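Trainee: Sequence lines, in order, name chains U and V.
If you count the first sequence from 1, you need to add 801 to reach this note's numbering.
If you count the second sequence from 1, you need to add 801 to reach this note's numbering.
Number of protein chains: 2
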Amino acid sequence: MGRNAAMRLKDLAEHLGLSQTTVSRALNGYPEVNEATRRRVAEAANLLGYRPNASALRLATGRAGAVGLVLRGADELGPHMSEFLSGVGSYMASQEIDMLVSTVASHQEELAAYRRLAASQKVDAVILHSPTISDERAELLMDLKIPFVLHGRTNIGHPVAWLDIDNTSALERATSHLLDLGHRRIALLNGVKGRTFAQHREIGYRAALTARGLPVDPALVGNSAFTDEIAFRMAQAMLEQRPRPTAFLAGSMMTALGVFRAIRQAGLQLGSDVSMIAHDDVFPYLNADNMYPTMSTTRSSIRQAGTRIAELIMQILAGKPLAEVHELWPVELVLRESSGPAPKS
Amino acid sequence: MGRNAAMRLKDLAEHLGLSQTTVSRALNGYPEVNEATRRRVAEAANLLGYRPNASALRLATGRAGAVGLVLRGADELGPHMSEFLSGVGSYMASQEIDMLVSTVASHQEELAAYRRLAASQKVDAVILHSPTISDERAELLMDLKIPFVLHGRTNIGHPVAWLDIDNTSALERATSHLLDLGHRRIALLNGVKGRTFAQHREIGYRAALTARGLPVDPALVGNSAFTDEIAFRMAQAMLEQRPRPTAFLAGSMMTALGVFRAIRQAGLQLGSDVSMIAHDDVFPYLNADNMYPTMSTTRSSIRQAGTRIAELIMQILAGKPLAEVHELWPVELVLRESSGPAPKS
DNA sequence: AAAGCCATTCAAAGCGATTTCAAATTTTGA
DNA sequence: TCAAAATTTGAAATCGCTTTGAATGGCTTT
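#1: If we define contact as Cβ-Cβ less than 8 Å, is LYS923 (chain V) a contact residue for chain U?
#2: Which residue's Cα is closest to the Cα of ILE957 (chain V): V:ALA1012, V:THR933 and V:ILE1004?
#3: VAL1132 (chain U) and ARG1104 (chain U): beta carbons closer than 8 Å?
#4: When the cut-off is 8 Å and only beta carbons count, does ASP1018 (chain V) lie next to chain U?
#5: Using 8 Å as the threshold, is the C-beta distance between TRP963 (chain U) and HIS1127 (chain U) below it?
#6: Would you kindly work out how many angstroms separate the C-alpha atoms of THR969 (chain U) and GLU1112 (chain U), rounded to a whole number?
#7: Nearest to GLY869 (chain U) by alpha carbon, out of U:LYS923, U:ALA845, U:SER856 and U:GLY953?
#8: Look at ILE1110 (chain V) and VAL889 (chain V) and say whether their C-beta atoms are less than 8 Å apart.
#9: Less than 8 Å between the CB atoms is what I'm expecting for ALA939 (chain V) and VAL993 (chain V), so what's the real figure, rounded?
#10: Determine the direct distance from the alpha carbon of HIS959 (chain U) to that of MET802 (chain V), and round the result to whole angstroms.
#11: Could you work out which residue in U:ARG864, U:LEU929, U:ASP944 and U:HIS816 is closest to GLY953 (chain U) when comparing CA atoms only?
#12: When the distance is taken between beta carbons, is MET893 (chain V) closer than 8 Å to ARG1062 (chain U)?
#13: One question on the structure: do PHE885 (chain U) and ALA1106 (chain U) come within less than 8 Å of each other, judged by their Cβ atoms?
#14: Go through its chain and collect everything with a Cβ distance to SER891 (chain V)'s Cβ below 7 Å, but skip five positions before and after it.
#15: Around the C-beta of PRO1046 (chain U), are 16 or more other C-beta atoms found within 10 angstroms, so that it is buried, or is it exposed?
#16: So, does the CB of GLN1066 (chain U) fall closer than 8 Å to a CB anywhere in chain V?
#17: Have a look at the DSSP bridge pairing and note the partners of GLY1023 (chain U).
#18: Would you tell me roughly how many angstroms separate the C-alpha atoms of ARG804 (chain V) and LEU848 (chain V), rounded to the nearest one?
#19: Measure from the C-beta of MET1055 (chain U) to each C-beta in chain V and report whether the shortest distance is under 8 Å.
#20: To the nearest angstrom, report how far apart TYR831 (chain U) and ALA843 (chain U) are at their CA atoms.
#21: Evaluate HIS984 (chain U) with the Cβ neighbour count: other Cβ atoms within 10 Å of its Cβ, from every protein chain shown; 16 or more gives buried, anything less gives exposed.
#22: In angstroms, rounded to a whole number, what distance separates the CA positions of GLY1059 (chain U) and GLU897 (chain V)?
#23: When we look at the beta-carbon of ASN1088 (chain V) and count the other beta-carbons within 10 Å, is it buried (16 or more) or exposed?
#24: Could you pull out every unbroken beta strand (DSSP E) segment of at least 3 residues lying fully inside the region 892 to 916 of chain V, listed in chain order?
#25: Is there at least one Cβ from chain U nearer than 8 Å to ASP981 (chain V)'s Cβ?
#26: Taking only beta-carbon atoms, is ASN968 (chain U) less than 8 Å away from chain V?
#27: What's the gap between the Cα of ALA846 (chain V) and the Cα of ALA913 (chain U)?
#28: Listed from N- to C-terminal order along the chain, which residues in the region 899 to 912 of chain V have their beta-carbon within a distance smaller than 7 Å of any beta-carbon of chain U?
#29: Buried or exposed: PRO1122 (chain U), going by 16 or more other Cβ atoms within 10 Å of its Cβ?
#30: Does the distance from the C-beta atom of LEU980 (chain U) to that of VAL1022 (chain U) stay below 8 Å?
#31: Measure from the C-beta of ALA1038 (chain U) to each C-beta in chain V and report whether the shortest distance is under 8 Å.
#32: Taking 7 Å as the line, does the beta carbon of MET1077 (chain U) fall inside it for any heavy atom of the ligand NAD?
#33: Would you kindly report the start and end of the unbroken alpha helix (DSSP H) that includes ASP1029 (chain U)?
#34: Would you mind reading off the limits of the alpha helix (DSSP H) that contains HIS1001 (chain V)?
#35: Measuring straight from C-alpha to C-alpha, what distance separates ARG809 (chain U) and HIS1001 (chain U)?
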């Protein structure tokens, strides 16, 4: 009948015949409390299911015990993000840190959301995702003095903590491999223009081509979100060119599915008529090894990146200098059936 | 150099030469404050970017201003959940309610997570997902007196607020349609056993078969998580049976991709040799209309469900009786190319 | 036996908001 | 014109925790 009355520190203290001070200290591991008392307190707390009221604790300590993730609408909360989230979450749970997830519709809303987070002190830090080359959100967060770790890289005046995968090298190697196989017209289905990772990938792609004195054909480079539908359309259009591309570099597994469909629809065979290497963020429900034909990939677990970023967040909250928090992860190139020698023309 | 010192109510009050009381009232729309003062306060607050400290506000009001979502590891934080989340988020953002997302690895951990949420009063309500037929988590939440809305249905002693889609009718119609087309061996790739939605789907499937006096072949019913790999394996095994199934009911679009691969690998044509109707939760990056061949589906937007559930949460927090918060959404049957007449044998 | 030390414990002052109750001012009514 | 009522403001209590500074009591030490 009554309200939801959770047990308070005061109740627990009274129950034990101790002061709140002592009980609080006992539970928080302060040294100046008698071992016997500490055990008694811990036992009672455990038995009665006492947990400090989160708001009170936060107010008293000034720590929010949460990290923020602001996601831009439909484009960002896709399968990539959910894998990433799940990686972040698995570590945060072990640290008793909450994840505060908000969704916004536009860039402006996103900036506003960060201002709100800062002003209302809801989070101790945030994770910034898919940065642009010179990311305004990163600048804002610096101004707001709210610590953050970047998933990706950006170029702003200040040092910034980040973790990224080596997209440039991944694409350089993938492209070189296709060139080794004799391919000369290699299409790149890249991410949205303006994102750092897309730029890095293009750099790697170009580097491999120019290293052999080959030109870059802009008609073979597409930029878009990673959905199978858009990829299907782009690949379809590219396959109508003559000479047609003999290989595709797909930005994600979703993209790869679209390209695959376009190839099949054009009556071509993946792995012989046309080759493909896709970037694989390692989704548990979409396995490159189990495709038909199996898919060659540049692989890096986005979930692991999430977990590691969570760890980095804790490090910078513990005071580690931002300039020391940089990680560039290598990307594995896994060759399977979808990448074969270029067809003789 | 100093700490992150956000503006406090006290600062704002001093700045205005008013008491905290008046400023607080002005900002919260209490009637007993002079209109002129209210404007002055609102203006200053806006200008200085004042927002109440969330922890203090929560402590004072007893409201957490957040809803919780506990997700079980890899299986639950898939593409379905991220769409759903994004739907919930879009409404919650408009209400200034946070989403507290935590991930857990096991059922036990999940129960523990709810206990923690309750004891530490971090959320005003939670959203419960993918319930089992008699869901222990729902029982626990009732005990803990933490309000919740169920996405799906369950059978426990108490009335429960829920929103679900009409899985039974969806599968009955899909199955009937395939029967009308002459199919007699129809495989069902269903969700994990024990989940209510999977049971409902099986009921619909069986109803359609028995309505025509046809038996249910257990070898044609599979239960599993919705990943393309598992679906591929199951479909592959089923296609080896003689007589082989001529139609598949796929539980999700991921499942459909796996089945599709199995069909192709068996040298068969989707839409002529084998038919398929898949359940489509409407992912923006995986469109049934853009598949090749286009995919017949039972369709219901999981994102919209999320948004609506967020609204329902607000309603029950506003005091609406649980027994009045039930919604059963119809499911659209969209016929496209993947479902054709049964092949003549 | 007095003084000094430890080891423990506690009372009370924050943290930053809301809200109760009282005070000050203005307006109204007779 | 003066009391009463209405309007507007403010001081202080409260929410549940942490943490500072002081108090208690038992043991050494001289």
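All C-beta atoms in this analysis are idealised placements derived from N, C-alpha and C, irrespective of residue type, glycine included.
Predicted model, so just to flag it, every value in this text is computed and none were measured.
Mentor: This is what the structure gives:
#1: Yes - at least one Cβ of chain U is within 8 Å of the one on LYS923 (chain V).
#2: Cα-wise, what sits closest to ILE957 (chain V) is V:THR933.
#3: No, Cβ-Cβ distance for VAL1132 (chain U) and ARG1104 (chain U) is not below 8 Å.
#4: So no, ASP1018 (chain V) is outside the interface.
#5: Taking a C-beta distance under 8 Å as the contact criterion, TRP963 (chain U) and HIS1127 (chain U) qualify as a contact pair.
#6: Straight-line Cα distance between these residues: approximately 25 Å.
#7: For the set U:LYS923, U:ALA845, U:SER856 and U:GLY953, the Cα lying nearest the Cα of GLY869 (chain U) is the one of U:LYS923.
#8: For ILE1110 (chain V) and VAL889 (chain V), yes; Cβs fall inside 8 Å.
#9: Actually they are not in contact, since the Cβ atoms of ALA939 (chain V) and VAL993 (chain V) sit about 17 Å apart, beyond 8 Å.
#10: In this predicted model, MET802 (chain V) has a pLDDT of only 32, less than 50, meaning its place in the structure is not dependable enough to derive any value.
#11: Comparing Cα positions, the closest option is U:LEU929.
#12: Cβ atoms of ARG1062 (chain U) and MET893 (chain V): not closer than 8 Å.
#13: Here PHE885 (chain U) is near ALA1106 (chain U), since their CB atoms are less than 8 Å apart.
#14: Once the five neighbours on either side are set aside, the close Cβ partners of SER891 (chain V) are THR1108.
#15: Classification for PRO1046 (chain U): buried.
#16: Output row for GLN1066 (chain U): interface = yes.
#17: According to DSSP, which records beta bridges pairwise, GLY1023 (chain U) is partnered with U:LEU990.
#18: Residue placement at ARG804 (chain V) is flagged as unreliable, the pLDDT there being 41, under the threshold of 50; the coordinate-derived value follows with that caveat. Counting only the Cα atoms, LEU848 (chain V) lies some 21 Å from ARG804 (chain V).
#19: Answer yes: the Cβ-Cβ gap between MET1055 (chain U) and chain V drops below 8 Å somewhere.
#20: Just so you know, the alpha carbons of TYR831 (chain U) and ALA843 (chain U) end up roughly 13 Å apart.
#21: Classification for HIS984 (chain U): buried.
#22: GLY1059 (chain U) and GLU897 (chain V): Cα-Cα distance of roughly 38 Å.
#23: So ASN1088 (chain V) ends up on the buried side.
#24: For the region 892 to 916 of chain V, whole beta strand (DSSP E) runs of length 3 or above, ordered along the chain, are 899 to 905.
#25: Answer no: the Cβ-Cβ gap between ASP981 (chain V) and chain U never drops below 8 Å.
#26: Taking Cβ atoms only, chain V never reaches closer than 8 Å to ASN968 (chain U), which makes this a no.
#27: The straight-line gap from Cα to Cα measures roughly 15 Å.
#28: Per Cβ criterion, the list reads ASP899, MET900, LEU901, VAL902, SER903, THR904 and VAL905.
#29: Exposed: under 16 other Cβ atoms inside 10 Å.
#30: Not closer than 8 Å, so no.
#31: So, not an interface residue.
#32: In the structure shown, the ligand NAD is absent, as is every other ligand, since no ligand is present at all.
#33: Where ASP1029 (chain U) is concerned, the enclosing alpha helix (DSSP H) stretches over 1029 to 1040.
#34: Element bounds for HIS1001 (chain V): 997 to 1012.
#35: Taking the straight line from one Cα to the other gives about 53 Å.
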